[in-house]
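In what follows, a structure is listed as structure tokens, so that the remarks can point back to it.
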Amino acid sequence: MKKRGKGNLPALIMLFALLMLWQLGAMKVNAAYILPTPLQILQKLWELRAPLFTVHLPATMLVTLIGLVISLVLGLGLAILMDASPFWQKALYPVVVASQTIPTTALAPLFVLWFGYGIWSKVLVTVLITFFPITITVYDGLQSARVEMAELLLTYGATKRDIFLKIKVPCMLPYFFSAIKMAVPMSIIGAAIGEWLGAQSGLGYFSRRMMTQLDGAGVFAPIVLLSAVAMLAVGLVSLLEKKVVRWRGES
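The structure is reproduced here in structure tokens:
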């Protein structure tokens, strides 16, 4: 516990310093509708806790969860398919990369036009943002498996399934958790972007509504809540990674 506390001390010091700079800068500007202070944001977060925590946060988390699950299934499937077949690797890899060259903010209004203000327009924005890092990172993890080890198992009569489970999956797991730690914040961002551009509930929608009222603290309050949730989710994934990938860091 003491080592963990000492390890987090630099981050806490940096966070405190940034908050102090923010507080002083906002006090200097003295225009809360443009740049509220951290204390004003926390006060607004407490005042709006009922709608934020009971209505808008659950709506955003539902979009995030559905989008993340779809991205996991799609990303893992594409990565495994590209690893298994050179043909599919050549056919799919450029398409996966090209999908990230399209600005999400340009497609999000089209999703709203096609699917309305329901949940699926936001889910598609989330999937579009998150499936790419999962696909590419997991594929790199599968490719990192040593060919010599696979050839050795083949000489002992191992099947392709045995090689996949005993060599490729263990090599892929650290990459998989790295992909999840990237995808979780990105999925929350994707959900918020979708809600910002067209929704009837959610933290992104709430932040946009506060902007129309020139309520700077109200704009920042859901953003701070989203950041806290994302950091908590990444922390939980890191704890799970330590339980599952016990060999990471070993020589």
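Under the numbering used here, think of the first position of the sequence shown as 1, with each following residue one higher. Don't be surprised by glycine CBs; every beta carbon is placed ideally from N, CA and C.
Does the ligand MN have even one heavy atom less than 7 Å from the beta-carbon of residue i?
{"i": "Leu214", "result": "Looking for the ligand MN in the displayed structure turns up nothing, as the structure carries no ligands at all."}
Since residue i and residue j should fall inside the 8 Å C-beta cutoff, what is the C-beta to C-beta distance between them, to a whole number of angstroms?
{"i": "Gly218", "j": "Leu48", "result": "7 Å"}
{"i": "Ala183", "j": "Pro133", "result": "6 Å"}
{"i": "Val229", "j": "Ile189", "result": "Actually they do not touch by this definition, with Cβ atoms about 11 Å apart."}
{"i": "Ser227", "j": "His56", "result": "So it is not a contact: roughly 15 Å between Cβ atoms."}
{"i": "Gly75", "j": "Thr135", "result": "4 Å"}
{"i": "Gly216", "j": "Ile34", "result": "6 Å"}
{"i": "Leu52", "j": "Phe206", "result": "7 Å"}
{"i": "Met149", "j": "Ile167", "result": "5 Å"}
{"i": "Val224", "j": "Ile41", "result": "6 Å"}
Sorted by chain position, which residues of the same chain lie with C-beta nearer than 6 Å to residue i's C-beta, five sequence neighbours on each side aside?
{"i": "Ile180", "result": "Val237"}
{"i": "Val127", "result": "Gly67, Ile70, Ser71"}
{"i": "Val112", "result": "Ser121, Gly198"}
{"i": "Gly77", "result": "none"}
{"i": "Ala84", "result": "none"}
Grab the span of the alpha helix (DSSP H) containing residue i for me, first residue to last.
{"i": "Leu184", "result": "Correcting the residue type first, residue 184 is Val in the shown sequence and not Leu. 169-197 is the span of the alpha helix (DSSP H), which, as asked, contains Val184."}
{"i": "Val97", "result": "86-98"}
{"i": "Pro133", "result": "119-143"}
{"i": "Leu165", "result": "It is not in any alpha helix (DSSP H) - Leu165 carries neither H nor E in the DSSP assignment."}
{"i": "Ser201", "result": "No alpha helix (DSSP H) contains Ser201, which DSSP labels as neither H nor E."}
{"i": "Phe111", "result": "104-115"}
{"i": "Pro38", "result": "38-47"}
{"i": "Phe220", "result": "216-244"}
CB-CB under 7 Å to residue i, same chain, minus the five flanking residues each way: which ones, in chain order?
{"i": "Ala108", "result": "Val125, Ile193, Gly194, Leu197"}
{"i": "Gly116", "result": "none"}
{"i": "Pro185", "result": "Ala230, Val234"}
{"i": "Val138", "result": "Gly75, Leu76, Ala79, Met172, Tyr175, Phe176, Ala179"}
{"i": "Leu18", "result": "none"}
{"i": "Val29", "result": "Leu35"}
{"i": "Gln89", "result": "Met82"}
{"i": "Leu214", "result": "Tyr33"}
Out of the options, point me to the one whose CA is closest to residue i's CA.
{"i": "Leu173", "options": "Pro51, Ile80, Val69", "result": "Ile80"}
{"i": "Tyr175", "options": "Val245, Ala26, Val29", "result": "Val245"}
{"i": "Val123", "options": "Trp22, Gln89, Leu203, Leu65", "result": "Leu65"}
{"i": "Phe16", "options": "Phe87, Trp88, Leu39", "result": "Leu39"}
{"i": "Trp22", "options": "Phe206, Ala31, Pro36, Asp215", "result": "Pro36"}
{"i": "Leu142", "options": "Leu24, Gln213, Phe164, Thr159", "result": "Phe164"}
{"i": "Val302", "options": "Trp114, Leu110, Phe131", "result": "Given a span of 1 to 251 for the chain in the structure shown, any question on residue 302 remains unanswerable."}
{"i": "Thr54", "options": "Pro222, Met20, Lys243, Leu232", "result": "Pro222"}
{"i": "Asp140", "options": "Val169, Arg208, Val73, Phe87", "result": "Val169"}
Apart from the five residues on each side of it in sequence, which residues of its chain come closer than 8 Å, Cβ to Cβ, to residue i?
{"i": "Leu62", "result": "Ile119"}
{"i": "Met27", "result": "Thr37"}
Handout entry: At least three beta-carbon pairs within less than 8 Å, the region 37-46 to the region 101-116
Key = no
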